[in-house]
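Student: Below are the structure tokens for one structure; questions will follow.
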Amino acid sequence: MSNKSPEIEFINLNYMGQKKDRGPDQNALESLKKLANSALKKGPFSVTFEKQPQHIAASGDPRDFLSYAPYWWPENQNGRTVFVKRDGKRNPDIKDVKDQKQLENYGDSVTYLALAYYFFNDDKYAQHAANLTGTFFVDDRTKMNPHVNYGQVVRGEGNPSGMGRGEGIMSTRMLARIANVLPLLANHPSFRDLNGHLHNWFNDYLNWLTTSDIGRQELNMPNNHHTWALVQVATIQYYLGRQDDVRRTVEGFFSQMAPRQVVDNGDQPLESSRTKPFHYLIFNLHAMIFLAELGAAVNCECYEAAHRAIERATDYAIQKGREEPAPKNEDRDLFLASRSVQLVSNHHGDNGRFADYLQAARQCPAAGTYSGDKCAIVELWSR
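Under UniProt numbering, think of the first position of the sequence shown as 1, with each following residue one higher.
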């Protein structure tokens with residue numbers, strides 16, 4: 001049984017610095033060293049690598065990020081091949097396109113290297129991170145273009161242009177983690193020539209994300225797609241030093257969208273109506289928590305916002321996870337919610353309900369898949 005990578009979460013660099021000064025968790029440091037030393041042997045990464053001719057974006061430019069819509073399947077209709085949606089059922093051939101894997105492998109590696117440089121002050125980690133970053137974002141032959149015009153493309157004759165959809169921005173949420181950790185490397189000599197290129201790249205990407213038809217399509221979605229798109233917007237704003245914009249983005253979400261996503265009893269109807277309700281309830285909750293943790297970094301108190309929407313959503317989700325029989329096509333994994341529950345408990349305290357859930361989650365069959373170094377390092381920045 002292989003260990004799963006945890007979903008991205010916001011790393012408060014200021015708080016992590018306080019933990020470093022007090023003396024970080026030694027087990028977490030040992031896990032980080034193992035991950036970073038492994039990352040030294042990996043890469044480089046690029047969306048242009050592992051690219052087969054039939055899996056290049058319709059633009060013909062291999063630097064354009066490409067992914068396929070995961071829940072769409074081919075059907076023959078009157079001699080035409082069209083793709084139809086089957087919610088919750090992933091088409092396995094989406095893995096033939098490696099762009100998202102390249103992005104996520106780079107994101108994981110640069111995260112471990114940046115954290116290792118910060119905690120161990122060893123140049124080798126920053127230098128390798130610089131090499132990987134130059135390939136992924138700067139080298140004109142291999143850099144990813146700053147847009148996702150071809151994300152989650154629906155294939156077939158029904159989409160002759162080959163253009164992507166707003167949903168494709170979900171495929172690049174690792175960019176938020178990358179923007180989150182790059183400041184840890186910015187002052188190293190190997191990044192002096194990279195920083196300007198990186199700021200330009202993320203500025204261009206943010207402009208595309210907030211002004212293009214595809215970007216606005218995703219930002220206008222009412223469900224988890226909106227929340228995760230804002231995770232990218234706000235984290236990149238934070239990376240670019242636009243603190244006032246971060247506050248507006250985060251406060252706007254919790255004043256306008258969170259009250260619509262989370263109803264009085266804590267349900268998120270747009271998520272619980274899906275074929276895998278528990279998964280989607282937790283998925284959107286995790287994005288809300290990301291925004292709340294980012295908000296705290298710019299002095300926004302978001303956990304109390306919208307009548308404690310995050311706490312209510314957490315209560316509802318863990319109740320649904322434990323009390324209701326799972327739908328036939330949902331292999332319910334209680335441990336999926338553990339990190340979100342822990343973060344909410346850290347903020348609001350616990351009258352026993354969170355501890356009870358976490359205990360049950362640790363005993364569920366899937367719990368073992370979340371053990372290991374990738375999960376252990378969260379103690380380096382946890383409250």
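A virtual CB, placed ideally from N, CA and C, is assigned to each residue, including glycine. The structure presented is a predicted model; accordingly, all values stated were derived computationally and were not measured.
Name the residue from 246, 279, 382, 197 whose alpha carbon lies nearest to the alpha carbon of residue 143.
Tutor: Working through the sequence shown from its first residue, we reach residue 143 at position 143. Of 246, 279, 382, 197, the residue nearest in Cα terms is 197.
Student: So what does DSSP say about residue 113, is it helix, strand or coil?
Tutor: The residue labelled residue 113 in the question sits at position 113 within the sequence shown. Reduced to three states, the DSSP call for residue 113 is helix.
Student: Which term fits residue 158, buried or exposed, when burial requires 16 or more other beta carbons within 10 angstroms of its beta carbon?
Tutor: Within the sequence shown, the letter at position 158 stands for residue 158. Classification for residue 158: exposed.
Student: Go through the stretch 303-354 residue by residue and report every complete run of the alpha helix (DSSP H) that reaches 4 residues or more, in order.
Tutor: Runs found: 305-323, 338-348.
Student: Among 26, 294, 119, 201, which has the Cα closest to the Cα of residue 228?
Tutor: Residue numbering aside, residue 228 sits at position 228 when the sequence shown is read from its first letter. Of the listed residues, the one whose Cα sits closest to residue 228 is 294.
Student: Check the C-beta distance from residue 185 over to residue 114 and give it rounded, since I have them as a contact under 8 Å.
Tutor: To locate residue 185, count along the sequence shown from 1; it is residue 185. To locate residue 114, count along the sequence shown from 1; it is residue 114. Indeed they touch by this definition, with Cβ atoms about 5 Å apart.
Student: Shorter than 8 Å from the beta carbon of residue 170 to some beta carbon of chain D?
Tutor: Structure shown: chain D not included; a single protein chain is present.
Student: Which residues bound the alpha helix (DSSP H) around residue 368?
Tutor: Working through the sequence shown from its first residue, we reach residue 368 at position 368. Neither: residue 368 is in no alpha helix (DSSP H) and is coded neither H nor E.
Student: If you draw a straight line from the C-alpha of residue 28 to the C-alpha of residue 376, how long is it?
Tutor: As a position in the sequence shown, residue 28 is number 28, starting the count at 1. As a position in the sequence shown, residue 376 is number 376, starting the count at 1. Spanning the two alpha carbons is a distance of roughly 5 Å.
Student: Give me whichever residues DSSP pairs with residue 277 in a beta bridge.
Tutor: In the sequence shown, residue 277 corresponds to position 277, counting from 1. DSSP lists no partner for residue 277.
Student: State the beta-bridge partners of residue 68 as determined by DSSP.
Tutor: Numbered from its first residue, the sequence shown carries residue 68 at position 68. Its beta-bridge partners are 153.
Student: Report the CB separation of residue 224 from residue 180 in whole angstroms; it is logged as a contact under 8 Å.
Tutor: As a first step, residue 224 is located in the sequence shown; it is residue number 224 there, counting from the start. As a first step, residue 180 is located in the sequence shown; it is residue number 180 there, counting from the start. Going by Cβ atoms, the distance from residue 224 to residue 180 rounds to 19 Å, so no, they are not a contact pair.
Student: For residue 240, which residues of its own chain have a beta-carbon under 8 Å away from its beta-carbon, when the five flanking residues on both sides are left out?
Tutor: To locate residue 240, count along the sequence shown from 1; it is residue 240. If we look at residue 240 and ignore the five residues flanking it on each side, its Cβ neighbours are 199, 202, 203, 206.
Student: With residue 84 as the anchor, note down where its beta strand (DSSP E) starts and where it stops.
Tutor: Your numbering for residue 84 matches position 84 in the sequence shown. Segment 80-85, the beta strand (DSSP E) holding residue 84.
Student: Between residue 250 and the rest of its own chain, which residues show a CB-CB distance below 7 Å, the 5 nearest in sequence each way excluded?
Tutor: Within the sequence shown, residue 250 is the residue found at index 250, counting from 1. So the qualifying residues of the chain are 234, 291, 294, 295, 300, 302.
Student: Could you please give the first and the last residue of the uninterrupted alpha helix (DSSP H) stretch that includes residue 231?
Tutor: For the purposes of this step, residue 231 is identified with residue 231 of the sequence shown, where counting begins at 1. Start and end: 224-239.
Student: Which word fits residue 2, buried or exposed, when buried means at least 16 other C-beta atoms lie within 10 angstroms of its C-beta?
Tutor: Locating residue 2 in the sequence shown gives position 2, where the first residue counts as 1. Residue confidence for residue 2 is low, a pLDDT of 48 falling below 50, so the modelled location carries little weight and cannot support an answer.
Student: In this structure, how does DSSP classify residue 76 when only helix, strand and coil are distinguished?
Tutor: As a working mapping, residue 76 is identified with position 76 in the sequence shown. If DSSP states are grouped into helix, strand and coil, residue 76 belongs with the strands.
Student: Going straight from the alpha carbon of residue 365 to that of residue 170, what length do you get?
Tutor: Mapped onto the sequence shown, residue 365 falls at position 365. Mapped onto the sequence shown, residue 170 falls at position 170. Using only the alpha carbons, I get a separation of about 28 Å.
Student: Helix, strand or coil, according to DSSP, for residue 2 in the structure here?
Tutor: Here residue 2 corresponds to residue number 2 of the sequence shown, with the count starting at 1. Note on residue 2: pLDDT 48, under 50, position unreliable in the model; the coordinate value appears next. Coil, per DSSP.
Student: Taking the alpha-carbon positions, what's the residue 254 to residue 286 distance?
Tutor: Numbered from 1 along the sequence shown, position 254 holds the residue referred to as residue 254. Numbered from 1 along the sequence shown, position 286 holds the residue referred to as residue 286. Distance between the alpha carbons of residue 254 and residue 286 is about 14 Å.
Student: To the nearest angstrom, how far is the alpha carbon of residue 16 from that of residue 149?
Tutor: Numbered from its first residue, the sequence shown carries residue 16 at position 16. Numbered from its first residue, the sequence shown carries residue 149 at position 149. Roughly 35 Å separates the two Cα atoms.
Student: For residue 40, I'd like the list of residues in its chain whose CB is within less than 8 Å of its CB, leaving aside the five on either flank, ordered along the chain.
Tutor: Here residue 40 corresponds to residue number 40 of the sequence shown, with the count starting at 1. Correct list, in chain order: 113, 124, 125, 128.
Student: In whole angstroms, what separates the C-alpha of residue 369 from that of residue 360?
Tutor: For this step, residue 369 is matched to residue 369 along the sequence shown. For this step, residue 360 is matched to residue 360 along the sequence shown. For residue 369 and residue 360, the distance between alpha carbons rounds to 15 Å.
Student: What span of residues does the alpha helix (DSSP H) with residue 172 cover, start to end?
Tutor: Counting from 1 along the sequence shown, the entry for residue 172 is found at position 172. Segment: none, residue 172 is in no alpha helix (DSSP H) and carries neither H nor E.
Student: When the Cα of residue 244 is compared with those of 269, 298, 226, which residue comes out closest?
Tutor: For the purposes of this step, residue 244 is taken as the residue at position 244 of the sequence shown. Considering only alpha carbons, the answer is 298.
Student: Rounded to the nearest angstrom, what separates residue 264 and residue 316 at their Cα positions?
Tutor: Within the sequence shown, residue 264 is the residue found at index 264, counting from 1. Within the sequence shown, residue 316 is the residue found at index 316, counting from 1. Each residue's alpha carbon lies about 10 Å from the other.
Student: How about residue 277 and residue 306: do their beta carbons lie closer than 8 Å?
Tutor: Here residue 277 is taken as the residue at index 277 of the sequence shown, counted from 1. Here residue 306 is taken as the residue at index 306 of the sequence shown, counted from 1. Not a contact, by the Cβ cut-off of 8 Å.
Student: Apart from the five residues on each side of it in sequence, which residues of its chain come closer than 8 Å, Cβ to Cβ, to residue 6?
Tutor: The residue labelled residue 6 in the question sits at position 6 within the sequence shown. So the qualifying residues of the chain are 339, 370, 374, 375, 378.
Student: Buried or exposed for residue 110, going by 16 or more other Cβ atoms inside 10 Å?
Tutor: Taking the first residue of the sequence shown as 1, we reach residue 110 at position 110. Result: buried.
Student: DSSP on residue 186, reduced to helix/strand/coil?
Tutor: Here residue 186 refers to the residue found at position 186 of the sequence shown. Three-state DSSP puts residue 186 in coil, outside helix and strand.
Student: So the alpha helix (DSSP H) residue 217 belongs to, where does it begin and stop?
Tutor: For the purposes of this step, residue 217 is taken as the residue at position 217 of the sequence shown. Counting along the chain, the alpha helix (DSSP H) containing residue 217 begins and ends at 213-219.
Student: Leaving out five residues on either side along the sequence, give the residues of the same chain with a beta carbon under 8 Å from the beta carbon of residue 9.
Tutor: Working through the sequence shown from its first residue, we reach residue 9 at position 9. Cβ within range, chain order: 286, 289, 290, 293, 339, 343, 378.
Student: Which class does residue 167 belong to by DSSP, given the choice of helix, strand or coil?
Tutor: Indexing the sequence shown from 1 puts residue 167 at position 167. Note: residue 167 maps to helix in three-state DSSP.
Student: Thinking residue 268 and residue 281 are a contact (beta carbons under 8 Å), I'd like their distance in whole angstroms, please.
Tutor: Along the sequence shown, read from residue 1 onward, the residue named residue 268 stands at position 268. Along the sequence shown, read from residue 1 onward, the residue named residue 281 stands at position 281. Rounded, the Cβ-Cβ distance is 6 Å, consistent with contact.
Student: Just curious, the alpha helix (DSSP H) that residue 249 is in, first and last residue?
Tutor: By one-based count along the sequence shown, residue 249 stands at place 249. Unbroken alpha helix (DSSP H) run through residue 249: 243-252.
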